[in-house]
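Residue 562 in numbering that gives the first Met the number 0 is what sits at position 563 of the sequence shown, and the numbering runs on without skipping anything.
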Amino acid sequence: MVVHTEGWGDFVKGYDWQGKQAEFDKHYHTNTAQDNGKQFTNPVVIKQMHLYELLIFGCLLVLLYLLIIALSPLPGLHLSGTPISAALPWTLIPSHLLFPSAWSAATASIPAHDWPHLVLLGVTIGALAATYAYTVRKVRLLSIDANKAMRWLLVLLIGTLVFGLLLLLQPALFSDDVFTYIFSGRILTVYHADPLNTAPFQFPGDPYLQWVISGRSMPNIYGPLWLCIASVLVSIGNGPVATLLLFKGLALLVHLLNCILVWAILDKIAPMRRVLGTLLYAWNPLAMLELAGSGHNEGVLLAILLLAVLLYVRGRGRWAEFGLLILLGVAISMNLIAFLIALLLLWFIVRTEHSVLSALWGACWRTLVMLIPAVAFYLPFWRGASTFFAITSAADMVHFADSPIGLLISPAHWFFSIVAQGSNFPPVMQPTTAADATLRVSTIFIFVLIYVYLFSNVRHATTTIGGMRYGPGADQAITLPGFDVLLDSLSSAIFWYLVLILGRFEPWYVLWVLWIVALRQVDQRSISLLLLSYTALLIYPLLTFSYSPLIQYVPILIFGLPLVYLFAYRKTYSRNHKGNTL
């Protein structure tokens, strides 16, 4: 039997895949299963949700954020103090109204039981996560009229603004990093010194030093672009309160900008998910608490990356690609984590090359162009070897604080000590040093294998819409061929970097992957990353126990549930699809 395939390519190109999918998605979600090699779909009727329901969830989140604000200044929680509580004492009114006994005990210097407040903080964080998750679940099954979509965006932006304005006046912060930013800007602007090789404690008379705790003895670990931004804000700021509000206000402003960028990107690649994706990013408790609440600079990094992605999905021609490369270079000058993202994105661009050599050449010259703005930002701060070590130490590959790999330190030391005793090694050979080096080299090797595997996935990503529709596990709502594979690879790269490479984990590092989750379909992979954004916040109720031996098991609390969920999904996916996933 002869099968004529002439014209099939034209059919695939000409068929209105997007229109047919949008028509189907208007009434149904498709759940795909596989039984004995046969694939079938189970249509689930999409439920309706009114806009006022989203407003109700927003009001509930406002109450929970008010409770966070009331809890934060309580002495027993040991959060980072700010000049806001002294300059604006009315910001303490919610705390005095809700917890008068705690303040009475603090005024009278009477020892108070802090554990109820710690439990309440943990419960509040859990309630934030639960309310957010339930809202996402409701919106996920939502059918929205295209003519009314902008109303939903407006409500999301207003809700984000209200949450942010409340957290802007938070009397005590979960992290003092914003004061480290301020001090780095002061080192550059006021003292005309090098922030990359100068620590805040070297200026004991500075009035801002009292609020710098964790970063007091360490030089700046952020990129030169952020140093320039920090110095500008410090120059504008007039006093500690105004400067702090400038930094936090910038974080809130870029968060709102990022919400619009997520909407604009999804409007191009997956219009049916605009509301859901924007909600996933905009109202995520981790994003609100770390950006508007603590003023972290990750929002600026995400804005640059989202703008680069928007330029790629909407741009055409060499000039659009040139702008993309410049933006990626600027992101690298902000934070080196952008380099992992940039390489995969460049490899995705050149995947259409017919040979590997031509793809490598295309990736190489694009990488060189991309590095031009990064080098331009670094050159004014370059002081030779000292600057190199200051930049490379940002990954913190030694301490293993709150890192999953840190759980293996004690067993590795024990094992190497036994080997050393039985082998009669000379005293100069330290078993603990060998154990640390072996563990570090092993994790780097594993990550490199994963990263190379992700490059292979991106290389083989489809270039046609028709190829996407028949791929197992493909994102059926996306309209840009192969972009779902790129998003999968980016999220995997950042996740395993957090697990295997970073020696020190902080909750706001999860923001590096949250913007990718907002662009992806909500599947088991996205759910595991969202779980990580919830569990990462549980570090803060445990700050009181920072000197307890039990604190070394915090990584189990943070990464345990997301990793178990991810590997359970991996096992199920491999069994159903006879493949592998990372």
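Note that beta-carbon positions come from the ideal geometry of N, C-alpha and C, so glycine has one too.
Keep in mind it's a predicted model, so treat the numbers as computed, not measured.
How far does the alpha helix (DSSP H) with Asn456 in it extend, from its first residue to its last? Taking the sequence shown and counting its residues from 1, the one referred to as residue 456 is at position 457. Taken as a continuous stretch (DSSP letters only), the alpha helix (DSSP H) holding Asn456 covers 430-458.
Please confirm whether Leu530 and Tyr564 have their CB atoms less than 8 Å apart. Position 531 of the sequence shown holds residue 530. Position 565 of the sequence shown holds residue 564. A contact, by the Cβ cut-off of 8 Å.
Given that a residue counts as buried once 16 or more other Cβ atoms are within 10 Å of its Cβ, and exposed if not, what is His116? In the sequence shown, residue 116 corresponds to position 117, counting from 1. By the neighbour-count rule (16 or more Cβ atoms within 10 Å), His116 is buried.
Do the region 247-258 and the region 501-510 make contact, defined as three or more Cβ pairs closer than 8 Å? no
Within its chain, find whatever has a CB closer than 7 Å to the CB of Val553; leave out the 5 residues flanking it on each side and keep chain order. Here residue 553 refers to the residue found at position 554 when the sequence shown is read from its first residue. Result list for Val553: Asp401, Ile538, Leu541, in chain order.
Using three-state DSSP, classify Leu541 as helix, strand or coil. In the sequence shown, counting from the first residue as 1, residue 541 sits at position 542. Looking at Leu541 - three-state DSSP - the assignment turns out to be helix.
Leu172 bridges to which residues according to DSSP? The residue given as residue 172 occupies position 173 in the sequence shown. Bridge partners of Leu172: Ser79.
What is the rounded straight-line gap between the Cα of Leu160 and the Cα of His295? Against the sequence shown, residue 160 aligns to sequence position 161. Against the sequence shown, residue 295 aligns to sequence position 296. Cα to Cα, the separation comes out at about 17 Å.
For Met149, count the other beta carbons within 10 Å of its own beta carbon; 16 or more makes it buried, fewer makes it exposed. Which is it? Taking the sequence shown and counting its residues from 1, the one referred to as residue 149 is at position 150. By the 10 Å Cβ count, Met149 comes out exposed.
Ends of the alpha helix (DSSP H) at Ser351? Position 352 of the sequence shown, counting from 1, holds the residue named residue 351. Per the sequence presented here, residue 351 reads as Thr, with Ser not at that position. Premise fails: Thr351 is in no alpha helix (DSSP H) and is neither H nor E.
Please report the straight-line C-alpha distance between Leu165 and Arg273, rounded to a whole angstrom. Start at 1 with the first residue of the sequence shown, and residue 165 comes out as number 166. Start at 1 with the first residue of the sequence shown, and residue 273 comes out as number 274. Distance between the alpha carbons of Leu165 and Arg273 is about 26 Å.
When the Cα atoms are used, what is the spatial distance from Ser183 to His49? Here residue 183 refers to the residue found at position 184 when the sequence shown is read from its first residue. Here residue 49 refers to the residue found at position 50 when the sequence shown is read from its first residue. Computed Cα separation, rounded: 47 Å.
Where Ile92 and Asp487 are concerned, what is the direct C-alpha to C-alpha distance, given to the nearest angstrom? Within the sequence shown, the letter at position 93 stands for residue 92. Within the sequence shown, the letter at position 488 stands for residue 487. Rounded to whole angstroms, Ile92 to Asp487 spans 46 Å at the Cα level.
Looking at the structure shown, is Phe23 part of a helix, part of a strand, or coil, going by DSSP? Taking the first residue of the sequence shown as 1, we reach residue 23 at position 24. The pLDDT assigned to Phe23 is 38, lower than 50, so where the model puts this residue is not dependable, and the model offers no usable value.
If you draw a straight line from the alpha carbon of Ser354 to that of Arg365, how long is it in whole angstroms? As a working note, residue 354 is residue 355 in the sequence shown. As a working note, residue 365 is residue 366 in the sequence shown. Going from the Cα of Ser354 to the Cα of Arg365 covers about 17 Å.
Starting from the Cα of Trp89, find the closest Cα among Ser79, Val516, Pro72, Ser332 and give me that residue. On the sequence shown, position 90 is the one that residue 89 refers to. Taking only the C-alpha atoms, the option nearest Trp89 is Pro72.
Closer than 8 Å by C-beta to Lys37: which residues in its own chain qualify, once you throw out the five before and the five after it? Chain order, please. Position 38 of the sequence shown holds residue 37. Reliability of the predicted coordinates at Lys37 is poor, the pLDDT of 38 falling under 50, and no value is obtained from them.
How would you label Ser100, buried or exposed, when you count the other beta carbons within 10 angstroms and need 16 or more for buried? Indexing the sequence shown from 1 puts residue 100 at position 101. Counting Cβ neighbours within 10 Å, Ser100 comes out exposed, since fewer than 16 surround it.
Considering only the beta carbon of each residue, do Ser234 and Thr179 sit closer than 8 Å? Walking along the sequence shown from the start, residue 234 turns up at place 235. Walking along the sequence shown from the start, residue 179 turns up at place 180. Cβ distance not < 8 Å, so Ser234 and Thr179 don't count as in contact.
Does the distance from the CB of His254 to the CB of Ala229 come in under 8 Å? Within the sequence shown, residue 254 is the residue found at index 255, counting from 1. Within the sequence shown, residue 229 is the residue found at index 230, counting from 1. Taking 8 Å as the Cβ cut-off, His254 and Ala229 do not qualify as a contacting pair.
With DSSP as the reference, label Asp474 as helix, strand or coil. Here the question's residue 474 lines up with position 475 in the sequence shown. Coil, per DSSP.
Between Ala291 and Leu167, how many whole angstroms is the CB-CB distance? I'm expecting something under 8 Å. Here residue 291 corresponds to residue number 292 of the sequence shown, with the count starting at 1. Here residue 167 corresponds to residue number 168 of the sequence shown, with the count starting at 1. Rounded, the Cβ-Cβ distance is 6 Å, consistent with contact.
Sequence-distant residues of the same chain with beta carbon closer than 6 Å to Glu289, five excluded per side: Counted from its first residue, the sequence shown places residue 289 at position 290. These residues qualify, in order along the chain: His295, Trp507.
Which value, in whole angstroms, describes the spacing of the CA atoms of Asn456 and Gly559? Start at 1 with the first residue of the sequence shown, and residue 456 comes out as number 457. Start at 1 with the first residue of the sequence shown, and residue 559 comes out as number 560. Taking the straight line from one Cα to the other gives about 27 Å.
Ignore the nearest five residues each way along the sequence and tell me which others in Ala492's own chain have a CB closer than 7 Å to its CB. To locate residue 492, count along the sequence shown from 1; it is residue 493. If we look at Ala492 and ignore the five residues flanking it on each side, its Cβ neighbours are Leu339, Leu343, Tyr450, Leu453.
Label Ile371 either buried or exposed according to how many other C-beta atoms from any shown protein chain fall within 10 Å of its C-beta, with 16 as the threshold for buried. Translated into positions along the sequence shown, residue 371 becomes position 372. When all chains shown are included, Ile371 counts as exposed.
Straight-line gap, Phe56 to Ser174 (C-alpha atoms, nearest Å): In the sequence shown, counting from the first residue as 1, residue 56 sits at position 57. In the sequence shown, counting from the first residue as 1, residue 174 sits at position 175. Straight-line Cα distance between these residues: approximately 27 Å.
Rounded to whole angstroms, what is the Cα-Cα separation between Leu356 and Val349? Within the sequence shown, numbered from 1, the residue matching residue 356 stands at position 357. Within the sequence shown, numbered from 1, the residue matching residue 349 stands at position 350. Whole-angstrom Cα-Cα distance: 11 Å.
Distance, Cα to Cα, Ile303 vs Leu323? Here residue 303 is taken as the residue at index 304 of the sequence shown, counted from 1. Here residue 323 is taken as the residue at index 324 of the sequence shown, counted from 1. Each residue's alpha carbon lies about 10 Å from the other.
Segment limits, alpha helix (DSSP H) that includes Leu152: One-based indexing of the sequence shown puts residue 152 at position 153. Its alpha helix (DSSP H) spans residues 148-167.
Going by beta-carbon coordinates alone, are Lys147 and Glu52 separated by less than 8 Å? As a working mapping, residue 147 is identified with position 148 in the sequence shown. As a working mapping, residue 52 is identified with position 53 in the sequence shown. Not closer than 8 Å, so no.
To which residues of the same chain is Pro403 closer than 7 Å at the C-beta, ignoring the five residues directly before and after it? Sequence index remark: in the sequence shown, residue 403 carries index 404 (1-based). Taken in chain order, the residues that qualify are Val498, Pro554, Phe558.
In this structure, how does DSSP classify Pro218 when only helix, strand and coil are distinguished? In the sequence shown, residue 218 corresponds to position 219, counting from 1. Looking at Pro218 - three-state DSSP - the assignment turns out to be coil, as it is neither helix nor strand.
Going by C-alpha to C-alpha distance, which of Tyr496, Phe246, Trp318, Val118 sits closest to Val447? Residue 447 sits at position 448 when you count from the first residue of the sequence shown. When each option's Cα is compared against that of Val447, the closest is Tyr496.
For the candidate residues Ser532, Leu156, Ala198, Ala241, whose alpha-carbon lies nearest to that of Leu87? Taking the first residue of the sequence shown as position 1, residue 87 is located at position 88. Among Ser532, Leu156, Ala198, Ala241, the Cα nearest to that of Leu87 belongs to Ala241.
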